[in-house]
Ligand code: NAD
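Residue numbers (the numbering used here): 95 to 523.
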């Protein structure tokens, strides 16, 4: 198998069919070199993945075609489909990880994670194995989508959630094991934290927050804000309670802001202490907020926030809270980024009860694909996708989840909704 820096069509895999058409995306200096027809790996995923992934393929392909490009899809497998092909114990085949690494830009549907027992999250494993350290979720309202708030149009935030550390790092020990008892003894006897942990069975998790992990995430958020003319980046943390983890994240974030960007970036303190609130033209203001307060502020002062940067767990909560305001899970898109790598994926899960019914809303997966197109530098195709989704929903051609919340309109299947979007792409192009 070819190494990660030697992609091209000579790559071969056991169970993955490399398409004849298209070429691999490669790294070129600090950017990507994207051929006219890139090969893009796709994981359909579990549950409703079989419904939303093909719908997204149809729409993304149509947008690429309408703007002079094409996409050569390469099916790769994880979850249920991997177990069918590779054997019962194989949830995430190594060659799936290699293919995404080799081809650099990919898209996936949702993957089921059993609660409690069973295997660990495949999503977390993929992000860690590929070092996709930034989970990026743009949250904006699409005209016509029902929302529980009065002014959903005010919501236009992009969350940067650190993806590789925090309590998600997987350093967690089960009650009753030798490991947990050893760790408890170490914490109590060697680290002096006595009378803190109650007697009896205990599970213990470790929360690593590194300077490296924090700084690269905040850097990415600031770069994004500068590139997309955003006004502010807000560091979200519980540093008042967890001083040396979440507090350190905030301090390292400010260090990046103060040391790496010159006049382009200004902290909120400097802005008020030295400039009376008058930010330099085109600059980005970096501020910070405590996480619990921020969960209120995204609701009560929605238009004051822009780009959010935070650790893994806070990011999980805050991006779902933002997502609820713009119509919920069927709509909310996301993507994971590493250095010159992207794996787009919707925020929602595999919703097993609707699997294979051609019923659910594919918008989240389609708009995740839009982020991917933008990353390829296909701005025109990306805009077409967004406009066509907006046009389709505004015409009230919607799947069941939106249909039950709006007056009138036509309830369509997942595949029909995708076809309606394609028709709008053709009209708009
Ligand atoms: P879920 O997102 O799968 O479903 C919750 C509910 O949201 C569904 O019952 C449905 O009513 C609605 N919903 C979700 N997607 C929708 C869509 N596209 N259109 C219309 N309605 C939609 O969340 P869950 O039930 O908590 O999780 C199910 C499984 O998915 C779990 O195993 C979980 O671990 C996994 N999961 C995976 C990912 C991922 O792959 N990134 C993310 C979240 C959850």
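Note that the Cβ used here is the ideal one computed from N, Cα and C, for glycine as well.
All values derive from a computational prediction rather than experimental measurement.
Distance, residue j Cα to residue i Cα
i: residue 315; j: residue 478; result: 25 Å
i: residue 449; j: residue 389; result: 32 Å
i: residue 463; j: residue 416; result: 20 Å
i: residue 433; j: residue 227; result: 9 Å
i: residue 486; j: residue 182; result: 41 Å
i: residue 509; j: residue 247; result: 28 Å
i: residue 214; j: residue 276; result: 23 Å
i: residue 523; j: residue 356; result: 41 Å
i: residue 342; j: residue 333; result: 7 Å
i: residue 380; j: residue 452; result: 44 Å
i: residue 377; j: residue 370; result: 15 Å
i: residue 303; j: residue 260; result: 6 Å
i: residue 335; j: residue 159; result: 52 Å
i: residue 143; j: residue 429; result: 16 Å
i: residue 282; j: residue 306; result: 29 Å
i: residue 242; j: residue 113; result: 44 Å
i: residue 367; j: residue 137; result: 50 Å
i: residue 207; j: residue 290; result: 32 Å
i: residue 506; j: residue 165; result: 26 Å
i: residue 293; j: residue 386; result: 30 Å
i: residue 363; j: residue 325; result: 15 Å
i: residue 497; j: residue 514; result: 15 Å
i: residue 354; j: residue 301; result: 27 Å
i: residue 441; j: residue 423; result: 7 Å
i: residue 240; j: residue 161; result: 31 Å
Test item: CB-CB of residue i and residue j under 8 Å
i: residue 220; j: residue 437; result: yes
i: residue 187; j: residue 200; result: no
i: residue 318; j: residue 401; result: yes
i: residue 331; j: residue 258; result: no
i: residue 156; j: residue 519; result: yes
i: residue 147; j: residue 512; result: no
i: residue 407; j: residue 262; result: yes
i: residue 216; j: residue 173; result: yes
i: residue 178; j: residue 109; result: no
i: residue 231; j: residue 252; result: yes
i: residue 236; j: residue 484; result: yes
i: residue 256; j: residue 299; result: no
i: residue 339; j: residue 249; result: no
i: residue 418; j: residue 458; result: no
i: residue 516; j: residue 153; result: yes
i: residue 238; j: residue 488; result: yes
First and last residue of the uninterrupted alpha helix (DSSP H) at residue i
i: residue 223; result: 216 to 223
i: residue 393; result: 385 to 394
i: residue 508; result: 508 to 522
i: residue 406; result: 406 to 419
i: residue 179; result: 174 to 180
Distance cut-off 7 Å: residue i Cβ against heavy atoms of ligand 3
i: residue 454; result: Ligand 3 is not part of this structure, which contains only ligand 1.
Nonlocal neighbours in the same chain, by C-beta distance under 6 Å from residue i, ignoring five residues either side
i: residue 350; result: 309, 312, 313
i: residue 129; result: 117
Proximity test, residue i beta-carbon vs ligand 1 heavy atom, cut-off 7 Å
i: residue 185; result: no
i: residue 204; result: yes
i: residue 408; result: no
i: residue 430; result: no
i: residue 142; result: yes
i: residue 224; result: no
i: residue 308; result: no
i: residue 483; result: no
i: residue 462; result: no
i: residue 75; result: As displayed, the chain neither begins before 95 nor continues past 523, which places residue 75 out of reach and without an answer.
i: residue 527; result: For residue 527 there is no data in the structure shown, the boundaries of the chain being 95 and 523.
i: residue 507; result: no
i: residue 439; result: yes
i: residue 458; result: yes
i: residue 528; result: With the chain covering only 95 through 523, there is no way to say anything about residue 528.
i: residue 443; result: yes
i: residue 495; result: yes
i: residue 146; result: yes
i: residue 207; result: yes
i: residue 217; result: yes
Range covered by the beta strand (DSSP E) that runs through residue i
i: residue 229; result: 228 to 234
i: residue 254; result: 250 to 256
i: residue 331; result: 326 to 331
i: residue 135; result: 133 to 137
Residues of its chain near residue i, where Cβ-Cβ distance is below 7 Å and the 5 sequence neighbours each way are ignored
i: residue 383; result: 328, 330, 391
i: residue 295; result: 269, 270
i: residue 98; result: With a pLDDT of 44 at residue 98, under the threshold of 50, the modelled position of that residue is not reliable, and no figure is offered here.
i: residue 101; result: Unreliable positioning characterises residue 101 in this predicted model, as indicated by a pLDDT of 49, which lies under 50. The coordinate reading is nonetheless provided below. Same-chain partners within the cutoff: 118, 120, 196, 197.
i: residue 494; result: 453, 505
i: residue 409; result: 229, 253, 255, 256
i: residue 141; result: 204, 206, 444, 445, 446, 449
8 Å CB neighbourhood of residue i in its chain, flanking five on each side removed
i: residue 71; result: Shown here, the chain extends from 95 to 523; a query on residue 71 therefore has no answer.
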